[in-house]
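2 protein chains.
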Amino acid sequence: MSKSEPLFGRIALIGLGLIGGSIGHAVKRAGLAGHVAGFARSKETRARALEIGFIDSAHESAAEAAQDADLVILCVPVGALGPSAKEIEPALKKGAILTDVGSVKTAVVRDVGPYVPSGVHFIPGHPIAGTEESGPDAGFAELFDNRWCILTPVPGTEAEAIKALTAFWEGCGSNVDVMESKHHDLVFAIVSHLPHLIAYNIVGTATDLEKVTQSEVIKYAASGFRDFTRLAASDPTMWRDVFLNNREAVLEMLGRFSEDLAALQRAIRWGDGDMLFDLFTRTRAVRRSIIDAGQDTDAPNFGRNPTHAKSVSKK
Amino acid sequence: MSKSEPLFGRIALIGLGLIGGSIGHAVKRAGLAGHVAGFARSKETRARALEIGFIDSAHESAAEAAQDADLVILCVPVGALGPSAKEIEPALKKGAILTDVGSVKTAVVRDVGPYVPSGVHFIPGHPIAGTEESGPDAGFAELFDNRWCILTPVPGTEAEAIKALTAFWEGCGSNVDVMESKHHDLVFAIVSHLPHLIAYNIVGTATDLEKVTQSEVIKYAASGFRDFTRLAASDPTMWRDVFLNNREAVLEMLGRFSEDLAALQRAIRWGDGDMLFDLFTRTRAVRRSIIDAGQDTDAPNFGRNPTHAKSVSKK
Ligand SMILES: NC(=O)c1ccc[n+]([C@@H]2O[C@H](COP(=O)([O-])OP(=O)(O)OC[C@H]3O[C@@H](n4cnc5c(N)ncnc54)[C@H](OP(=O)(O)O)[C@@H]3O)[C@@H](O)[C@H]2O)c1
Ligand SMILES: NC(=O)c1ccc[n+]([C@@H]2O[C@H](COP(=O)([O-])OP(=O)(O)OC[C@H]3O[C@@H](n4cnc5c(N)ncnc54)[C@H](OP(=O)(O)O)[C@@H]3O)[C@@H](O)[C@H]2O)c1
Numbered sequence: 001m002s003k004s005e006p007l008f009g010r011i012a013l014i015g016l017g018l019i020g021g022s023i024g025h026a027v028k029r030a031g032l033a034g035h036v037a038g039f040a041r042s043k044e045t046r047a048r049a050l051e052i053g054f055i056d057s058a059h060e061s062a063a064e065a066a067q068d069a070d071l072v073i074l075c076v077p078v079g080a081l082g083p084s085a086k087e088i089e090p091a092l093k094k095g096a097i098l099t100d101v102g103s104v105k106t107a108v109v110r111d112v113g114p115y116v117p118s119g120v121h122f123i124p125g126h127p128i129a130g131t132e133e134s135g136p137d138a139g140f141a142e143l144f145d146n147r148w149c150i151l152t153p154v155p156g157t158e159a160e161a162i163k164a165l166t167a168f169w170e171g172c173g174s175n176v177d178v179m180e181s182k183h184h185d186l187v188f189a190i191v192s193h194l195p196h197l198i199a200y201n202i203v204g205t206a207t208d209l210e211k212v213t214q215s216e217v218i219k220y221a222a223s224g225f226r227d228f229t230r231l232a233a234s235d236p237t238m239w240r241d242v243f244l245n246n247r248e249a250v251l252e253m254l255g256r257f258s259e260d261l262a263a264l265q266r267a268i269r270w271g272d273g274d275m276l277f278d279l280f281t282r283t284r285a286v287r288r289s290i291i292d293a294g295q296d297t298d299a300p301n302f303g304r305n306p307t308h309a310k311s312v313s314k315k
Numbered sequence: 001m002s003k004s005e006p007l008f009g010r011i012a013l014i015g016l017g018l019i020g021g022s023i024g025h026a027v028k029r030a031g032l033a034g035h036v037a038g039f040a041r042s043k044e045t046r047a048r049a050l051e052i053g054f055i056d057s058a059h060e061s062a063a064e065a066a067q068d069a070d071l072v073i074l075c076v077p078v079g080a081l082g083p084s085a086k087e088i089e090p091a092l093k094k095g096a097i098l099t100d101v102g103s104v105k106t107a108v109v110r111d112v113g114p115y116v117p118s119g120v121h122f123i124p125g126h127p128i129a130g131t132e133e134s135g136p137d138a139g140f141a142e143l144f145d146n147r148w149c150i151l152t153p154v155p156g157t158e159a160e161a162i163k164a165l166t167a168f169w170e171g172c173g174s175n176v177d178v179m180e181s182k183h184h185d186l187v188f189a190i191v192s193h194l195p196h197l198i199a200y201n202i203v204g205t206a207t208d209l210e211k212v213t214q215s216e217v218i219k220y221a222a223s224g225f226r227d228f229t230r231l232a233a234s235d236p237t238m239w240r241d242v243f244l245n246n247r248e249a250v251l252e253m254l255g256r257f258s259e260d261l262a263a264l265q266r267a268i269r270w271g272d273g274d275m276l277f278d279l280f281t282r283t284r285a286v287r288r289s290i291i292d293a294g295q296d297t298d299a300p301n302f303g304r305n306p307t308h309a310k311s312v313s314k315k
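Protein chains in written order, with full-length UniProt numbering: chain D, 1 to 315; chain P, 1 to 315.
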């Protein structure tokens, strides 16, 4: 991608946190746009985004940022997507592509759909990349590199528009997948939403016991617990909105999880070591597949000093 | 600790995997022993341990390794501790210290206690350090650095023996805590055993669905799921033994977890965003405390390229 031929003349980022910021950085890195306009609720975020330099202009209203844009990307929490779309509706130009990065998709079609003017191409999207941090300082250009970005266009969406948005995400370093929004929500209920829910829950349980103090939990966290605290430190607003907007799929997966957990509980109570051993052997193989698929590294992260550890153990 | 004044003349390691191996490396690093004798079940492990060099002599029986040792450390799975103790009983010399590294402690007192000859000091122990790897190649000298090691001596244990074992673990880089075995088991049921159980369970659930394929789960694992797969890749034998031997405490904590999860499930079903937001805010603070306590780093690990990420976002 050469900097002299940007894919889009003007891109508008509505929301300038981790994801909006990372998109801005990635657009700059690859020269994907002639101009990046940005909007965030707070003055501080807008000023900081300009200072870091991942937007070219900051605007006091979302509509102003979206004005004349060829690509508008909504990068706000899922619950704020509908209101944001409503706000920019009058400003959207004919032929523009409107997309979002929300972690649920069926609710977005429901909430944003009504505000899409005819002639504007609305294509919901979800980059599968993130960190546990948020805000304009959290973003970086490499966030999307070799990660997936999922598009969930509604039937009838113009192929050219999907192609342009695909090229955009590829320019940001992603691989692009297309699927139905309902299937997306089911897949992410199990690979993302339920893991976060479980993590939030166990951190809540562990710090609300009578017989074990919170300081003991913190002191000995390295023995397993700490791995959940990272997920459980994710942004409260974003995650509240995810659970409120992907209710059915999350409840379905939670039902399965609880059923399986009840079976494990029985195995422990009855001392069924074979059942435990079989499950623990099966799950070990899953990790291997994830590493083989390039979705994680196999450096022994529990030690949290992986490079050193490896070199020492080879002595 | 100078290499010319070892704390113990002869140390015997019964079990030469991640923990036994790491102890061997740490003993060598600090010169804590005149001689390290090792035993493992398999010829391969014994040969590999000698080759790596974290033991000085390999023995075909545990009793032979323990013969004349001043300190004997049982580093085998919890279910093998009793049988190992029985085997070495006749070989233990008067005044020797016998300890273990098992992840549960009340069951160890029950299983090993009967085989402790009079005049031998039995002090159960548990180093709070590990990785998701196992076997003789997994160990490294730094594993215990700045981690805790918990001793759970039974009432009446000689203070001098506790002092010597404390000095040993400090020589390995650890900080030492003393607590009752029953309390230990409750604390680790929540900070370690339940997190592993939950991780095993969710990996099991996610890879056993009809509507979402295993390859989808693997492909999109980076969105949360992968963080559980590390814990769920831990050694099946070790963890089967942990759950079979800390049944009551694990079931108690699992009961609390399930109760809290049911409340979360209701909040999602009823759309109670405030309840979700409050919990997610509280759990975020817990992570902060864990980082402040030096039990984890705050590099944004979800991105899995933390150093680079940080430097880029500061540009
Ligand atoms: N974090 C992840 O791992 C991840 C991954 C994939 C997708 N997503 C999705 O990406 C979107 C943004 O997440 P993020 O991680 O970038 O969050 P973030 O870092 O917290 O940034 C959110 C941005 O949205 C703005 N905002 C928040 N509430 C708003 C409201 N009610 N109305 C208008 N603007 C509002 C914020 O403005 P101020 O700065 O002024 O507060 C901020 O600029 C969410 O829909 C999320 O589901 C996140
Ligand atoms: N891994 C952790 O994170 C961690 C942390 C703290 C405490 N611990 C505790 O440390 C102990 C050892 O764990 P590890 O991680 O070092 O395991 P590991 O790497 O799998 O090593 C286990 C060692 O014990 C031997 N062994 C296995 N089963 C045996 C049996 N039935 N009889 C005699 N020897 C047997 C193995 O012999 P072969 O090599 O010949 O198979 C191997 O040398 C366990 O009690 C565990 O609870 C583990």
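Positions of the beta carbon are idealized from the N, C-alpha and C atoms, including for glycine. For clarity, every value in this text was computed on a predicted model and none was experimentally measured.
Can you tell me which residues form a DSSP beta bridge with residue i?
i: arginine 10 (chain P); result: P:His35
i: phenylalanine 168 (chain P); result: Partner(s): none; phenylalanine 168 (chain P) has no beta bridge.
i: histidine 25 (chain D); result: Answer is none; histidine 25 (chain D) lacks a bridge partner.
i: histidine 59 (chain D); result: D:Phe39
For residue i, go through chain P and note every residue whose CB falls closer than 7 Å to its CB, in chain order.
i: serine 289 (chain D); result: Ile218
Name the chain D residues that come within less than 9 Å of residue i, Cβ to Cβ?
i: phenylalanine 8 (chain P); result: Per Cβ cutoff of 9 Å: no residues; phenylalanine 8 (chain P) is ~23 Å from chain D at best.
i: valine 212 (chain P); result: His183, Leu186, Val187, Ala189, Ile190, Val191 and Met253
i: leucine 194 (chain P); result: Ile202, Thr205, Ala206, Gly224 and Phe225
Quick one: grab the DSSP three-state call for residue i.
i: proline 127 (chain P); result: strand
i: leucine 74 (chain P); result: strand
i: threonine 99 (chain P); result: strand
i: asparagine 175 (chain P); result: strand
i: phenylalanine 54 (chain P); result: coil
i: leucine 151 (chain P); result: strand
i: phenylalanine 280 (chain P); result: helix
i: phenylalanine 243 (chain P); result: helix
i: histidine 308 (chain P); result: Per-residue confidence for histidine 308 (chain P) stands at a pLDDT of 35, beneath the threshold of 50, marking its modelled position as unreliable; no derived number is given.
i: phenylalanine 122 (chain P); result: strand
i: glycine 17 (chain D); result: coil
i: proline 136 (chain D); result: coil
i: serine 234 (chain D); result: coil
i: threonine 229 (chain D); result: helix
i: leucine 209 (chain P); result: coil
i: leucine 261 (chain P); result: helix
Using a cut-off of 7 Å between C-beta atoms, extract the partners of residue i located in chain D.
i: phenylalanine 280 (chain P); result: Tyr200, Pro236, Trp239 and Arg240
i: isoleucine 268 (chain P); result: Phe243, Arg247, Val250 and Leu251
i: arginine 226 (chain P); result: Ile290, Gln295 and Asp296
i: phenylalanine 39 (chain P); result: Near phenylalanine 39 (chain P) there are no residues of chain D at all, since even the closest Cβ is about 20 Å away, more than 7 Å.
i: histidine 35 (chain P); result: None at all; the shortest Cβ gap to chain D is about 20 Å.
i: alanine 49 (chain P); result: Near alanine 49 (chain P) there are no residues of chain D at all, since even the closest Cβ is about 12 Å away, more than 7 Å.
i: leucine 197 (chain P); result: Leu264
Going straight from the alpha carbon of residue i to that of residue j, what length do you get?
i: glycine 31 (chain D); j: glutamate 5 (chain D); result: 8 Å
i: alanine 96 (chain D); j: alanine 206 (chain P); result: 38 Å
i: threonine 130 (chain D); j: isoleucine 23 (chain D); result: Reading off the sequence, residue 130 (chain D) comes out as glycine, not threonine. Going by the C-alpha atoms only, they are around 11 Å apart.
i: phenylalanine 243 (chain D); j: glutamate 259 (chain D); result: 20 Å
i: proline 195 (chain D); j: valine 217 (chain D); result: 20 Å
i: histidine 289 (chain P); j: threonine 283 (chain P); result: Looking at the sequence itself, residue 289 (chain P) is serine, so the reference to histidine does not match. Whole-angstrom Cα-Cα distance: 10 Å.
i: threonine 307 (chain P); j: threonine 297 (chain D); result: With a pLDDT of 34 at threonine 307 (chain P), under the threshold of 50, the predicted position of this residue should be treated as unreliable, though the coordinate-derived value follows. When rounded, the distance between both Cα atoms is 15 Å.
So residue i contacts chain P; which residues on that side make the cut at Cβ distance below 9 Å?
i: aspartate 260 (chain D); result: Asn201, Ile202, Gly204, Thr205 and Asp208
i: glycine 273 (chain D); result: Gly79, Arg240, Asp241, Phe243 and Leu244
i: phenylalanine 277 (chain D); result: Pro236, Thr237, Trp239 and Arg240
How close, in whole Å, do the beta carbons of residue i and residue j come, if the pair is a contact with beta carbons under 8 Å?
i: aspartate 100 (chain P); j: proline 124 (chain P); result: 6 Å
i: phenylalanine 54 (chain D); j: glycine 139 (chain D); result: 7 Å
i: asparagine 245 (chain P); j: valine 78 (chain P); result: 5 Å
i: alanine 167 (chain D); j: histidine 121 (chain D); result: 14 Å between Cβ atoms; not a contact.
i: valine 187 (chain P); j: cysteine 149 (chain P); result: About 14 Å; that fails the 8 Å criterion.
So residue i contacts chain P; which residues on that side make the cut at Cβ distance below 8 Å?
i: arginine 147 (chain D); result: Ala222
i: proline 90 (chain D); result: Correct list: empty, because the minimum Cβ distance to chain P is about 29 Å.
i: arginine 110 (chain D); result: Residues of chain P passing the Cβ test: none, with the nearest at roughly 15 Å.
Give the residues of chain D in contact with residue i, contact being defined as C-beta atoms less than 8 Å apart.
i: glutamine 67 (chain P); result: Going along chain D, no residue has its Cβ under 8 Å from glutamine 67 (chain P), so there is no contact; the nearest lies around 28 Å.
i: histidine 59 (chain P); result: Near histidine 59 (chain P) there are no residues of chain D at all, since even the closest Cβ is about 23 Å away, more than 8 Å.
i: phenylalanine 257 (chain P); result: Asn201, Ile202 and Thr205
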